[in-house]
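Notes to accompany the following structure.
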Amino acid sequence: MVHNGYVAGVDVGGTKCLAVVIDDDDNIVAESRVATPSGTDALIDVAVEVTRELADVAGGLSAAGFGVPGQLDFQGKMRFAPNLVDVGELAFRERLLGLLDVPVFVDNNANCAATAELTLGAARDSRQAVLLTLGGGLGNSIIVDGVVQRGAHGLAGELGHSMVDPNGPLCPCGRVGCLERYASGSGLTRLAQEAAGSGKAPNLLTYTDGDVELVRGEHVMRGVRDLHDDAIELLEGFSWWVAVGMANVVAVLDPELIVVGGVLVSDWDLLEEPVTRNYRAMVLAGSTREPVRIVPAAMGERAGALGAAIAARGA
Ligand SMILES: [Zn+2]
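Sequential numbering of the sequence shown, starting at 1203, is according to the working numbering.
Structure representation (structure tokens):
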């Protein structure tokens, strides 16, 4: 491959991979999307294909970065990825290095999104911050002294899998009652289906011809915009769970800023008031501690891919 200063970043999501190429000034010069396949070999194939395709468009690459929804150690080995289908332990970086003729960087995709927010976005002026991404799961990244923290083994930043109810529902991670079963896109869908199934959300069912299985989190947002009481109550309950995560992480880390990203941030105009109100009511020593700013992510859906590319420059 020609090494020309262009860097690729690929955000491997639970359902789709979003890939970008950036120039020296962090401008996106090419972009591609493809569905995330199930299975380890298919995942590697798709990651390589999309990178090569972008390399062709850019006339070569200097490095490639990959953000994945799972835990990666410092060798770039995927240790645990409950939100990818049929993907277990995988020497992700090593396999890609053998197939792509450029330096390869890999990290958790929430950490990549945090890198983008820290470099270009909502955390640009912050040294102590926490990123929460409300997507299919609840992604999390921790910034201390202006640096994304990876812990002793690379596995830090999994607030979504902190247990908030020992009698709660089963999580894809194999444990029960994880926060992301409540405070995430899939958590909102689960809460909405539960309410619809027990007769507590009749208005939501009007969006799905009465089919409980088809109720999704987006119907709650639509219901709130249509001023339906059942949807407003569900949004309140959901916001309470998001606030639980925020209050817990503030008690542990004392950040100055919480950045909220992920697909649900497109409804931030609906979420901001109930989330911040519930957070303020429950945070430890709320009357005496400095207020924590809670802001939406600025980099949009490309944050993970952009951050992977930015981090790849040092690979
Ligand atoms: Zn879990």
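All C-beta atoms, glycine included, are put in the ideal place defined by N, C-alpha and C.
query: Do you know whose CA, among V1350, L1256 and S1441, lies nearest S1264's CA?
result: On the sequence shown, residue 1264 is found 62 positions in, with the first residue counted as 1. Of the candidates V1350, L1256 and S1441, the one whose C-alpha sits nearest the C-alpha of S1264 is L1256.
message: Going by the DSSP bridge assignment, what does K1218 pair with across the sheet?
response: Start at 1 with the first residue of the sequence shown, and residue 1218 comes out as number 16. The partner list for K1218 (beta bridge, DSSP) reads A1237.
message: By the three-class DSSP mapping on this structure, what secondary structure does A1265 have?
response: Counting from one through the sequence shown, the residue named residue 1265 turns up at place 63. In the displayed model, A1265 falls within a strand according to three-state DSSP.
query: Going by other Cβ atoms of all chains shown within 10 Å of its Cβ, with 16 needed for buried, is D1520 buried or exposed?
result: What the structure shows of the chain is the stretch from 1203 to 1517, and residue 1520 is not part of that stretch, so it cannot be assessed.
message: Tell me whether the stretch 1236-1246 and the stretch 1288-1299 touch, counting them as touching only if at least three CB pairs, one residue from each stretch, are closer than 8 Å.
response: Yes, they touch.
task: For Q1395, count neighbouring C-beta atoms within 10 Å of its own C-beta (all shown protein chains included) and say buried if the count is 16 or more, exposed if not.
output: As a first step, residue 1395 must be located in the sequence shown, where it is residue number 193. Looking at its Cβ environment, which holds 16 or more other Cβ atoms inside 10 Å, Q1395 is buried.
field: beta-carbon R1383 near ligand 1 non-hydrogen atom, thresh 8 Å
entry: Sequence index remark: in the sequence shown, residue 1383 carries index 181 (1-based). Remark: the shortest separation between the CB of R1383 and any heavy atom of ligand 1 falls under 8 Å.
message: Going by C-alpha to C-alpha distance, which of V1349, P1368 and I1344 sits closest to A1358?
response: Within the sequence shown, residue 1358 is the residue found at index 156, counting from 1. It is I1344.
- request: List the whole-angstrom C-beta distance separating G1463 from T1335, where the pair is believed to meet the contact cut-off of C-beta under 8 Å.
  value: Here residue 1463 is taken as the residue at index 261 of the sequence shown, counted from 1. Here residue 1335 is taken as the residue at index 133 of the sequence shown, counted from 1. G1463 to T1335, Cβ: 4 Å. Contact.
message: Runs of 4 residues minimum, wholly inside the stretch 1317-1343: which ones carry the alpha helix (DSSP H) assignment?
response: Within the stretch 1317-1343, no complete alpha helix (DSSP H) run reaches 4 residues.
- prompt: Between which two residues does the alpha helix (DSSP H) harbouring G1509 extend?
  reply: Position 307 of the sequence shown, counted from the start, is the residue given in the question as residue 1509. Here the alpha helix (DSSP H) through G1509 covers A1505 to A1514.
task: Indicate, with yes or no, if ligand 1 has a heavy atom lying under 8 Å from the CB of G1399.
output: Reading the sequence shown from its first residue, position 197 is the one you call residue 1399. Checking the Cβ of G1399 against ligand 1 gives no.
query: V1500: which of V1306, R1326 and G1300 sits nearest, CA to CA?
result: Counting from one through the sequence shown, the residue named residue 1500 turns up at place 298. It is Ala, not Val, that sits at residue 1500 in the sequence shown. Of V1306, R1326 and G1300, the residue nearest in Cα terms is R1326.
query: What residues in its chain sit with their C-beta under 8 Å from that of G1272, if we drop five residues either side in the sequence?
result: The residue labelled residue 1272 in the question sits at position 70 within the sequence shown. Around G1272: M1280, R1281, F1282, A1283, P1284, N1285, L1286, V1289 and N1310.
query: What are the residues that DSSP puts in a beta bridge with L1274?
result: Within the sequence shown, the letter at position 72 stands for residue 1274. Paired residues: M1280.
- prompt: Out of curiosity, what's the CA-to-CA distance linking E1319 and A1505?
  reply: For this step, residue 1319 is matched to residue 117 along the sequence shown. For this step, residue 1505 is matched to residue 303 along the sequence shown. Their backbone Cα atoms lie some 7 Å apart in a straight line.
- prompt: R1329 to G1348, Cα distance in whole Å?
  reply: Mapped onto the sequence shown, residue 1329 falls at position 127. Mapped onto the sequence shown, residue 1348 falls at position 146. Approximately 4 Å between the Cα atoms of the pair.
- request: Measure the C-alpha to C-alpha separation of H1430 and N1405 and round it to an integer number of angstroms.
  value: The sequence position of residue 1430 within the sequence shown is 228, counting from 1. The sequence position of residue 1405 within the sequence shown is 203, counting from 1. Taking the Cα positions, H1430 is about 7 Å away from N1405.
message: Just to confirm the assignment, what range does the alpha helix (DSSP H) spanning L1459 have?
response: Counting from 1 along the sequence shown, the entry for residue 1459 is found at position 257. First-last for L1459: L1459 to G1463, but that is the beta strand (DSSP E), not the alpha helix (DSSP H).
Interface flag, G1376 vs chain B, CB-CB below 9 Å: Reference to chain B is not applicable here, since this structure consists of a single protein chain.
task: Spatial neighbours of V1451 within its chain, please: CB distance less than 7 Å, with the 5 preceding and 5 following residues excluded, ordered by chain position.
output: As a first step, residue 1451 is located in the sequence shown; it is residue number 249 there, counting from the start. Once the five neighbours on either side are set aside, the close Cβ partners of V1451 are V1332 and L1361.
query: When the Cα atoms are used, what is the spatial distance from G1300 to D1432?
result: The residue you call residue 1300 lines up with position 98 of the sequence shown. The residue you call residue 1432 lines up with position 230 of the sequence shown. Taking the straight line from one Cα to the other gives about 53 Å.
- request: Give every residue of the same chain whose Cβ lies closer than 7 Å to the Cβ of R1383, excluding the five residues on either side of it in the sequence, and list them in chain order.
  value: Residue mapping note: residue 1383 aligns to position 181 of the sequence shown, counting from 1. Excluding five sequence positions before and after R1383, the CB atoms of its chain that fall closer than 7 Å to its own CB belong to G1370, P1371, C1373, G1389 and R1392, given in chain order.
field: Residue from L1459, C1314 and Q1277 with nearest C-alpha to A1354
entry: One-based indexing of the sequence shown puts residue 1354 at position 152. Cα-wise, what sits closest to A1354 is Q1277.
task: Report back the beta-carbon spacing between A1266 and V1304 to the nearest angstrom; my notes put them in contact at under 8 Å.
output: To locate residue 1266, count along the sequence shown from 1; it is residue 64. To locate residue 1304, count along the sequence shown from 1; it is residue 102. With 8 Å as the limit, A1266 and V1304 qualify as a contact, their Cβ atoms being about 5 Å apart.
Residue ranges of each alpha helix (DSSP H) within the stretch 1406-1467, 4 or longer: 1419-1427 and 1431-1455
message: Using only the alpha-carbon positions, how far apart do S1489 and A1453 sit?
response: Position 287 of the sequence shown, counting from 1, holds the residue named residue 1489. Position 251 of the sequence shown, counting from 1, holds the residue named residue 1453. Taking the straight line from one Cα to the other gives about 14 Å.
Closest by C-alpha distance to V1346, when choosing among P1493, L1455 and L1322: Your numbering for residue 1346 matches position 144 in the sequence shown. Ranking P1493, L1455 and L1322 by Cα distance to V1346 puts L1455 first.
- request: Answer yes or no: the CB of G1362 versus the heavy atoms of ligand 1, is any distance below 8 Å?
  value: Position 160 of the sequence shown, counted from the first residue, corresponds to residue 1362. G1362 Cβ: within cutoff of ligand 1.
query: Can you tell me the Cα-Cα spacing of A1517 and V1270, whole angstroms?
result: Numbered from 1 along the sequence shown, position 315 holds the residue referred to as residue 1517. Numbered from 1 along the sequence shown, position 68 holds the residue referred to as residue 1270. When rounded, the distance between both Cα atoms is 16 Å.
- prompt: Could you give the residue range of the alpha helix (DSSP H) that holds P1476?
  reply: On the sequence shown, position 274 is the one that residue 1476 refers to. Residues W1470 to M1484.
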